[in-house]
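Numbering (this note's numbering), first residue to last: 1268 to 1317.
Cβ coordinates follow ideal geometry from the N, Cα and C atoms, glycine included.
Worksheet: the structure to be examined is printed underneath.
Here it is, written out as structure tokens:
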């Protein structure tokens, strides 16, 4: 199922739920959903790995 296009909290939440249903881990589902939101124009900074 394709992910929702959008940058709202509802779209991100829906995308996370979709990915978890498909068997992805919670962390990976969040990363995918936030990446999709960034592509839609959301101003979500990437996490810095230190």
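Own chain residues within Cβ distance below 7 angstroms of residue i, not counting five before or after
| i | result |
| --- | --- |
| residue 1268 | 1285 |
Closest by C-alpha distance to residue i, when choosing among the options
| i | options | result |
| --- | --- | --- |
| residue 1272 | 1288, 1300 and 1312 | 1300 |
Simplified DSSP state of residue i, which is helix, strand or coil
| i | result |
| --- | --- |
| residue 1295 | helix |
| residue 1282 | helix |
| residue 1304 | helix |
| residue 1288 | helix |
Length of the line joining the Cα atoms of residue i and residue j
| i | j | result |
| --- | --- | --- |
| residue 1289 | residue 1317 | 30 angstroms |
Beta-carbon proximity list for residue i, same chain, < 8 angstroms, skipping 5 on both sides
| i | result |
| --- | --- |
| residue 1297 | 1283 |
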